[in-house]
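Q:
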Amino acid sequence: MRQAAEDIVLDIRGQICPACLMITLRELNSNKEKLKNEKARLVVKTDHRDATRTIPSAAFAMGYRVSVLQRDKYYEIAMEYEK
Amino acid sequence: MSGLEEIEKTDPRLGNERLKRYIREKVNHLLSVMGTKPLSREELDDNTLLELDPIGIIALSFEQILEHQKDTNERLTVAKDQLQAVFDAVGVCISIIDEDMRIVNCNEKQKEMLVSANTEVIGRHCYEIYCGKDSPSLDCPAVETLATGRPVFIREVKKKNKHFQIVTSPMKDAEGRVTGAIEVSMDVTEKKKAEELMRQAEKLTAIGLLAGGIAHELNNPLGNILGYATLLLKDGESGLGPGQKEKLEIIVEQAKKGSEIIRGLLDFSRQSVPAFQDILINDIIMKTVRTLQNRLACQGIKVDTALADGLIVRADPRKIELVFLNLMLNSIQAFEGMDRKGKAISVRAVREGGLIQVKVADNGPGIPEDILSNIFDPFFTTKPVGKGAGLGLSICSGVIREHKGSIHAASEPGKGTEFTVSLPAGVKG
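Order-wise, the sequence lines are chains G and X.
Here my numbering is used: the first residue of the first sequence is 1, the next is one more, and so on.
Here my numbering is used: the first residue of the second sequence is 1, the next is one more, and so on.
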C-alpha cells in the first residue's frame, strides 16, 4: 500500500466514548473521498483507552486499515483506506 | 395524525422533549450496534446532541460499511471465479473430502477422469464415486491422511482401470483437528503403458538377438540331419527294414518341424530385410484363405470375406502373408476341440483415412481378459507343449511394427476374438 500524502489529524484528547467514536466517524464521513483515493489518512489522538477498541472496530468495518500507537500520554489511531 | 404530532400541537415543549428522547434512544441503539456504550446526558447535553447529528453520522458510516461490504463481495466473487477457473483448468484431479470420506468439492478434471456423466458427487463417498467400491481400499492415501493428520506423498493407486499418482494433504480446524483431506491425483495410465511398451521393446530386442543367434547356429546341423536322413531314406529304400524306415521318417519329420521353428525364430528376430512394394492387400488375404482351405474345410469352419476394392499397401508380401496366415491359424487352432456348429472366421478390409484396416475375427472361445495383454509376448502360449512355440503373434506384431502399422486384439470370452491390423495405405491405396 502506498503512503498517503496527507495526515488529517483529529485531536480529541479529553473526550470520552461515545463522543470519541462519533467525532471520528464524522471525520471519516466528511473526508471520505480523500481517504478513499488514498490521498490522506486520518490520525486520531485520544487519551480515552476505550476509544482504541471502538474506533478501530468501526473503521475496520468501513474498510479502513487501522494501526494504534501508544504515545507518551495518549494513543494515536491511524486509519487508511485499504483498496 | 401521529401521537407525537398531536403532542407537539397541544404542547410544543413536551413535543421537543419526546423528540430528543426519541433521538437519544435511537442513537444509543445504533451505538450498541457499533459496539460502544450509550450516550450519557453529562457527556452530551441535548443541544450538543442535536448539533452533533449522531443519527446522520451513523447513517453515513453505515453507508460506508455497506459500500465496503459490496466492494468486498465483488472482489470475493472475482477471486472465487478465478480460483474456480484455476481449480478446473489444472491438468490434475483435485478433490476435497471430509472426515467421513464424503466429497465436499472436486474439479472438472476429476469428474472427467472418474465420474460418469450426470452423476451427483457432492456428499457421496469418494471410494464409491472414484473407485467404484463400497469401502475404501487398504492402500488409500486419504484414509492414512485422515487417520494420521499427515500428508501422503506420491502413492500409485489403481482406480477404475486407470493408474494414478496421488498426494493427499490434511485439512485442519483452528484446534488442529483433522476435518478432511485434499487429494491431488495425476493420471499416469498412458505413461505406464509407454513404459511397458519400452520394456517390451527392450525385451523383444534382447530375445530377438538371442533367438536369431541360436537359430542361425542350429540351422546348419539341422540341415545336415534333414539332408542325411533324406539321403538314407532314398539310398536304403530296398535295404531298410520296416522299423528302420519308419524311424528315419520320424527323424525327417521332426527335423522339418525344427526347421519351421528356426524359420519362425529368424522371422521373429527380423534378420531378413523386408522387400517393400505396392501390393493389393486383398490378393494376400485371398491367397492366405486358399492356403488354409483344406484345414478350414476339415474343421468345418466357414470363412466370410468383405474386402473393399483397390486397397493398396506398401509392404513385403511374404511377410504380410505370414501375418494373416498366423492370425487365421490362431483362429483355426482356437476352434480345435470345440464341438459346435457355425464356426466362422470373417475377414474385412476397409480404408480408414490414410490407413488400410483389416479385421480378422472368429466366433471361437475368446481370450480371457487377464492374458489378453500378453498374447503378443514372445514365447507366450496357451497351447499344449509341442503344439506351438508362442511366436506367431509376436512375429505378427514385429512385422506390422516394421511396416509402421499397428495390431490390436479385442476379445470377449465365449463370443470370440477380433484382431485389427492397420497399415499405411500405399500410393493408390
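For glycine and all other residues, C-beta sits at the position ideal for the given N, C-alpha and C.
Looking only at DSSP bridge pairs, what is N294 (chain X) linked to?
A: In DSSP, N294 (chain X) forms no bridge with anything.
Q: Using the rule of at least 16 other Cβ atoms within 10 Å of the residue's Cβ for burial, across every protein chain shown, is V427 (chain X) buried or exposed?
A: Classification of V427 (chain X): exposed, given that the 10 Å Cβ count is below 16.
Q: So the beta strand (DSSP E) T305 (chain X) belongs to, where does it begin and stop?
A: Unbroken beta strand (DSSP E) run through T305 (chain X): K302 to L307.
Q: With 9 Å as the threshold, decide whether the Cβ of K32 (chain G) is near any Cβ in chain X.
A: Output row for K32 (chain G): interface = yes.
Q: Could you tell me if K256 (chain X) is buried or exposed, where buried requires 16 or more neighbouring beta carbons within 10 angstroms of its beta carbon?
A: That one is exposed.
Q: Shorter than 9 Å from the beta carbon of L4 (chain X) to some beta carbon of chain G?
A: Residue confidence is low: L4 (chain X) scores 49 on pLDDT, short of 50, so the model does not pin down where it sits. Its coordinate-derived value is still stated next. L4 (chain X) does not count as touching chain G.
Q: Please list, in chain order, the chain A residues whose beta carbon lies closer than 8 Å to that of D71 (chain X).
A: The chain inventory of the structure shown lacks chain A, comprising the protein chains G and X.
Q: Cα-Cα, which of G:E6, G:D7, G:A5 and G:I12 is closest to K73 (chain G)?
A: Comparing Cα positions, the closest option is G:I12.
Q: Can you tell me which of X:I122, X:R318 and X:I312 puts its alpha carbon nearest to the alpha carbon of I358 (chain X)?
A: Note on identity: in this sequence residue 358 (chain X) is Val, with Ile being the wrong assignment. Residue X:I312 is the option with its Cα nearest to V358 (chain X).
Q: Starting from C93 (chain X), trace the beta strand (DSSP E) both ways and give me its first and last residue.
A: Residues C93 to D98.
Q: Let me see if you follow: with CB-CB separation under 9 Å, is P136 (chain X) close to chain G or not?
A: No, because no Cβ of chain G sits closer than 9 Å to the Cβ of P136 (chain X).
Q: In chain order, what residues of the same chain lie with their CB nearer than 8 Å to the CB of A19 (chain G), ignoring the 5 residues before and after it?
A: Hits under 8 Å: I12.
Q: Quick one: what's N105 (chain X) bridged to in DSSP?
A: For N105 (chain X), which the question treats as bridged, DSSP gives the partners X:I96.
Q: Just curious, the beta strand (DSSP E) that R155 (chain X) is in, first and last residue?
A: First-last of the beta strand (DSSP E) with R155 (chain X): V152 to K159.
Q: Could you name the residues of chain G that I505 (chain X) contacts, counting a contact when the two beta carbons are closer than 9 Å?
A: Residue 505 (chain X) lies beyond the range of chain X shown here (1 to 429); nothing can be said about it.
Q: Given that L10 (chain G) touches chain X, what residues does it touch there, using C-beta distances under 8 Å?
A: Those do not exist, as L10 (chain G) stays about 14 Å from chain X at its closest Cβ, beyond 8 Å.
Q: So with Cβ pairs under 9 Å, would you call E67 (chain X) a contact of chain G?
A: By this cut-off, E67 (chain X) is an interface position.
Q: When burial is assigned at 16 or more other CB atoms within 10 Å of the CB, is I214 (chain X) buried or exposed?
A: Result: exposed.
Q: Assign L4 (chain X) to one of three DSSP states: helix, strand, or coil.
A: Low confidence applies here, because L4 (chain X) scores a pLDDT of 49, under 50, leaving its location unreliable and the question unanswered by this model.
Q: Is K302 (chain X) buried or exposed, if buried means 16 or more other CB atoms sit within 10 Å of its CB?
A: It counts as exposed.
Q: How would you list, in chain order, the residues of chain G whose beta-carbon sits under 8 Å from the beta-carbon of Q64 (chain X)?
A: Within 8 Å Cβ-Cβ: L28, N29, K32, M62 and G63.
Q: Specify the secondary structure class of E321 (chain X) as computed by DSSP and reduced to three states.
A: Correct three-state label for E321 (chain X): helix.
Q: Using a C-beta to C-beta distance shorter than 7 Å, which residues of chain X count as neighbours of P18 (chain G)?
A: Under the 7 Å cutoff, chain X gives L31, T36, K37 and L39.
Q: Under 8 Å by Cβ, that's how I've got I58 (chain X) and L30 (chain X) pegged, so tell me the actual separation to the nearest angstrom.
A: The pair is a contact, with the Cβ atoms about 4 Å apart (cut-off 8 Å).
Q: In three-state terms, what does DSSP make of M328 (chain X)?
A: M328 (chain X) falls in the helix class under three-state DSSP.
Q: Leaving aside the five residues before and after L197 (chain X) along the sequence, list all residues of the same chain whose C-beta is less than 6 Å from its C-beta, in chain order.
A: Closer than 6 Å at the Cβ level, and outside the excluded window around L197 (chain X), lies no residue.
Q: 9 Å is my cut-off, CB to CB: does M22 (chain G) come that close to chain X?
A: Cβ-Cβ to chain X under 9 Å: yes for M22 (chain G).
Q: So the alpha helix (DSSP H) F62 (chain X) belongs to, where does it begin and stop?
A: Counting along the chain, the alpha helix (DSSP H) containing F62 (chain X) begins and ends at P54 to A89.
Q: Listing by chain order, which chain X residues have their CB less than 8 Å from the CB of L42 (chain G)?
A: Simply none; closest approach about 12 Å.
Q: With 16 other CB atoms within 10 Å as the buried threshold, where does A142 (chain X) fall?
A: It is buried - the Cβ of A142 (chain X) has at least 16 other Cβ atoms within 10 Å.
Q: So the beta strand (DSSP E) E81 (chain G) belongs to, where does it begin and stop?
A: Per the sequence shown, the amino acid found at residue 81 (chain G) is Tyr instead of Glu. Start and end: Y75 to Y81.
Q: Is R155 (chain X) near H125 (chain X), with beta carbons less than 9 Å apart?
A: For R155 (chain X) and H125 (chain X), no; Cβs fall outside 9 Å.
Q: Assuming S346 (chain X) is part of the alpha helix (DSSP H), what are its boundary residues?
A: Looking at the DSSP string, S346 (chain X) is not in any alpha helix (DSSP H); the run it does join, the beta strand (DSSP E), is A344 to E352.
Q: Cβ closer than 9 Å: which chain G residues qualify as neighbours of L52 (chain X)?
A: Under the 9 Å cutoff, chain G gives A19, M22, I23 and R26.
Q: Any beta-carbon of chain X closer than 9 Å to the one on T54 (chain G)?
A: By this cut-off, T54 (chain G) is an interface position.
Q: Let's test the definition: count the other Cβ atoms within 10 Å of the Cβ of I122 (chain X) and tell me whether it reaches 16, buried, or not, exposed.
A: Classification for I122 (chain X): exposed.
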